[in-house]
Amino acid sequence: MRKALAGCGAALGVLAALLAQGAQRGSAPVDVIVGVATSFGLPIDDLPTQAFSAAVDGRPIVIDAVRQTRAPLTVALLIDVSGSMNTLRWVDLRRGKIQLPTLSEQMLSEVVVDGFRDALLPADRARLSGISASPWIGPVVAHTREAFEATLEDLLAHRRDPSNVTRSSPVWDAAGTLVDLLRSEPQRRLVVIVTDGKVNANLLSPEKLAERAVEARVAIAVVDESQAILMRQDRSPTAAVRPDRALRWVAEATGGAYLADSVLRGAPEPADPAGLVSRAIEGHRHAYTLTLTVPDDGRPHTLEVSVTRPDAAVRAPAFIHR
Amino acid sequence: MRSVAVVAVVVSIALSPQRPAFRGGVDTVEVYATVSDRGGRLVPNLPREEFQLLSDGKPVELTVFSNEIQTLTAVVLIDTSGSTVERLLWFRQAVGYLVDALQGDDRLRIGSFGEEIAISPHLTGDQDLLKRILRDELWPGGGTPLWRAMLEGIYSLASEGDRRVVLVMSDGVNVGGSRLLENDVRRGAVEGGFMIYALSAQGMGLGLLKDIAEDTGGGYLEVRADADLKETMTRVAEELRHQYMLGFTPPVIDGKPHRLTVRLKTSGLRVRAPQEYVPQPKRP
């Protein structure tokens, strides 16, 4: 009798093991970078594992592990230097309002040398790139001020190049090129785009870009320099054009930060693209790595991540695939 | 029709030193003609015998003829500058109707000009993709680099072998750039065998675009305020498809402009065709 029970128990054990194996078949662990911040955008980096919950395709799943480390990054900063970024607009400075190009050379210098360089840690790898009709992608740059200034000069030369006569804005295509470039980097990968959102002449749609970025585990953060454009139309009410919509969508879909600059006349804060670039990089550095087991079918699955802390905003890719 | 050696083209557009000139060479000059009746309605099924061609006033033999429906290969350039901003949604809607009217192997490329000149890399018949570009890639404001945009549009179709059309939606007011650019557009279109069409809303005007359209055998239209826009754009697409292809052997191949006249035997019909052609020697 005892033998029979033992045999039965062994059989159940084998069955359980088989079932467990079956449950695991077709699944694989995937690391997802998740940022958590206060409503003011300050990173929250002390949450315990049990504070996180996740759902794939709308179904809750077990989070295998949560790690929080100030990980080194590979960052590519993509600055839109197309025609529209040279358009004059009202900018609030601390001492008043003046008209400046959306991104003057002085602001460009602040973004690159101050915002970008100052946010880097020694182990980070950084590239500067620009888009004006065609993309310009600089090499990995040393963290010295001189190296950044030299790279900035190359970007400015690209901006002034008469062969970029149309000065169009294929921003999605340039970001896609950077995603491909960062794909093989071993560190956390981030593309930060500074743009007014007036993108055009793209081969890639925002959806395709986001798909490519998520698959390559590259987050795309956006520093949005756009302004809503109101147009009185001849035979219809005033229409509004919103360049920010696609920018926000790409950032949210890929788990990057979306940071809107204060570019409107009368905005309470002065425009600060350099500060926002720095914040986008810091936010990604302080993010958590969640290990999730997801279907290993090569297809994208929707992902939702939430935390128990009520005042926290979570930033994670909107979908995931193995 | 495709086997016919195509008209020589030399379009060396002075956009930048890096831009390559593209040349073809030819035995047969190929031009396209549109025929309409007194009421402006298309007359699509005339026979070969109806047409007479004159080069510099002297008759030339019509060696190639087709009255079949032509595949459309076009770039649509939308003026998004400050002077037309009140019509931007109207322009967008009009091009949307044109996209709806695409058939078979028709292909469009969408471009815009204002703060920037942006020519989409997509030359496609994919209606969803074209509508996405219309929805997501037109931004109002800026100056009106009309001629430079037209040169970019012409250049974007330079390597296409089909009949090539540039459809401009604008008030025809160029701001910025040299007057020389206008001549470049005219020369590039005529020498390259491009047909220029111009379209605007009633009251906007078309400026010099009318002349260029006539020179190239294209057309122009100021859409009346009370017109049905969908019906109008469907008619535009019909016209672009229903053109006669006329081919002839040029008396001399000298790379110089020659006057071209297309006549019809039946009175009461109107024919629009290029008024010049430039026969280029074949490359060695």
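Residue numbers (our numbering), protein chains in the order written: chain C, -6 to 315; chain F, 285 to 568.
By construction, the Cβ of each residue, glycine as well, lies at the ideal position given by its N, Cα and C atoms.
Legend entry - Endpoints, the beta strand (DSSP E) within which residue 28(C) is located: 20 to 30
Inset, instruction - State yes or no: is the C-beta of residue 277(C) within less than 8 angstroms of the C-beta of residue 181(C)? - result: yes
Legend entry - Near the ligand FMN: residue 337(F) beta-carbon under 7 angstroms from a heavy atom: With respect to small molecules bound, the structure shown includes none, and the ligand FMN cannot be examined in it.
Inset, instruction - Taking residue 45(C) as part of the beta strand (DSSP E), name the residues at either end of that continuous run. - result: Unbroken beta strand (DSSP E) run through residue 45(C): 45 to 49.
Inset, instruction - From the DSSP output, read off the bridge partner residues of residue 130(C). - result: As a beta-bridge residue in DSSP terms, residue 130(C) pairs with 122(C).
Inset, instruction - Determine the closest residue to residue 132(C) out of 61(C), 141(C) and 125(C), with distance taken between C-alpha atoms. - result: 141(C)
Legend entry - Alpha-carbon to alpha-carbon, residue 469(F) and residue 347(F): 29 angstroms
Legend entry - Residue from 548(F), 550(F), 533(F) and 549(F) with nearest C-alpha to residue 542(F): 533(F)
Inset, instruction - Could you spell out the range, first to last residue, of the alpha helix (DSSP H) harbouring residue 494(F)? - result: 493 to 499
Inset, instruction - Could you check what DSSP says for residue 266(C) in three-state terms: helix, strand or coil? - result: helix
Inset, instruction - State whether the region 324 to 336 of chain F contacts the region 397 to 409 of chain F, with contact taken as three or more CB pairs (one from each stretch) at a distance under 8 angstroms. - result: no
Legend entry - is_contact[residue 160(C), chain F] using C-beta, thresh 8 angstroms: yes
Inset, instruction - May I have the straight-line CA-CA distance separating residue 68(C) from residue 214(C), to the nearest angstrom? - result: 10 angstroms
Inset, instruction - Return the bridge partner residues of residue 36(C) from the DSSP annotation. - result: Under DSSP, residue 36(C) takes part in a beta bridge, and its partners are 30(C).
Inset, instruction - Please report how far the alpha carbon of residue 47(C) lies from the alpha carbon of residue 245(C), in whole angstroms. - result: In this model, residue 47(C) and residue 245(C) are separated by some 16 angstroms (Cα to Cα).
Legend entry - CB contact check: residue 225(C) to chain F, cutoff 8 angstroms: yes
Inset, instruction - Below 7 angstroms CB to CB, which residues in the same chain sit around residue 17(C) once its five sequence neighbours on both sides are set aside? - result: Any reading at residue 17(C) needs caution, since the residue's pLDDT is 46, under 50, leaving its predicted position unreliable; the model's value is listed next. Answer for residue 17(C): no residue qualifies.
Inset, instruction - May I ask you to report which of helix, strand or coil DSSP gives residue 247(C)? - result: helix
Legend entry - residue 301(F) versus residue 184(C): straight-line alpha-carbon distance, rounded: Residue placement at residue 301(F) cannot be trusted, given a pLDDT of 39 that sits under 50; the coordinates are not used to answer.
Legend entry - Three-way DSSP call (helix, strand, coil) for residue 516(F) in this model: Note: residue 516(F) maps to helix in three-state DSSP.
Inset, instruction - Report the neighbours of residue 463(F) on chain C: residues whose CB is nearer than 9 angstroms to its CB, in chain order. - result: Within chain C, no residue has its beta carbon less than 9 angstroms from that of residue 463(F); the closest one is some 17 angstroms off.
Inset, instruction - Quick one: list the residues of chain A neighbouring residue 169(C), beta-carbon separation under 7 angstroms, in chain order. - result: Protein chains in the displayed structure are C and F, and chain A is not among them.
Inset, instruction - Would you identify the three-state DSSP class for residue 95(C), choosing helix, strand or coil? - result: Under the three-state reduction of DSSP, residue 95(C) is assigned to coil, being neither helix nor strand.
Inset, instruction - Take every Cβ of the region 21 to 29 of chain C, pair it with every Cβ of the region 276 to 292 of chain C, and state whether three or more of those distances are shorter than 8 angstroms. - result: yes
Inset, instruction - Could you check the C-alpha separation between residue 352(F) and residue 247(C) for me, to the nearest Å? - result: Near 50 angstroms, if we compare the C-alpha coordinates of residue 247(C) and residue 352(F).
Legend entry - Three-state class that DSSP yields for residue 327(F) in the structure shown: coil
Inset, instruction - Tell me, please, which residues DSSP counts as bridged to residue 294(C). - result: DSSP, once it has assigned bridges, lists 313(C) as partnering residue 294(C).
Inset, instruction - Mind listing the chain F neighbours of residue 285(C)? Cutoff is C-beta to C-beta under 7 angstroms, in chain order. - result: Within chain F, no residue comes near residue 285(C); the closest Cβ sits about 32 angstroms away, beyond 7 angstroms.
Inset, instruction - Going by DSSP, name the residue or residues bridged to residue 542(F). - result: 561(F)
Inset, instruction - Sort 128(C), 170(C), 254(C) and 144(C) by Cα distance to residue 119(C) and report the nearest one. - result: 144(C)
Legend entry - For residue 210(C) and residue 73(C), the rounded distance between their alpha carbons: Here the alpha carbon of residue 73(C) sits roughly 23 angstroms from the alpha carbon of residue 210(C).
Inset, instruction - Starting from the beta carbon of residue 369(F), find every residue of chain C whose beta carbon is closer than 7 angstroms, and list them in chain order. - result: 224
Legend entry - Spatial neighbours of residue 289(C) in its chain, beta-carbon cut-off 6 angstroms, leaving aside the 5 residues before and after: 19, 20, 21 and 315
Inset, instruction - Look at residue 456(F) and residue 480(F) and say whether their C-beta atoms are less than 8 angstroms apart. - result: no
Inset, instruction - Can you give me the start and stop residues for the alpha helix (DSSP H) that residue 350(F) sits inside? - result: First-last for residue 350(F): 346 to 350, but that is the beta strand (DSSP E), not the alpha helix (DSSP H).
Legend entry - Interface partners of residue 423(F) on chain C, CB under 8 angstroms: 77, 191, 193, 222, 234 and 236
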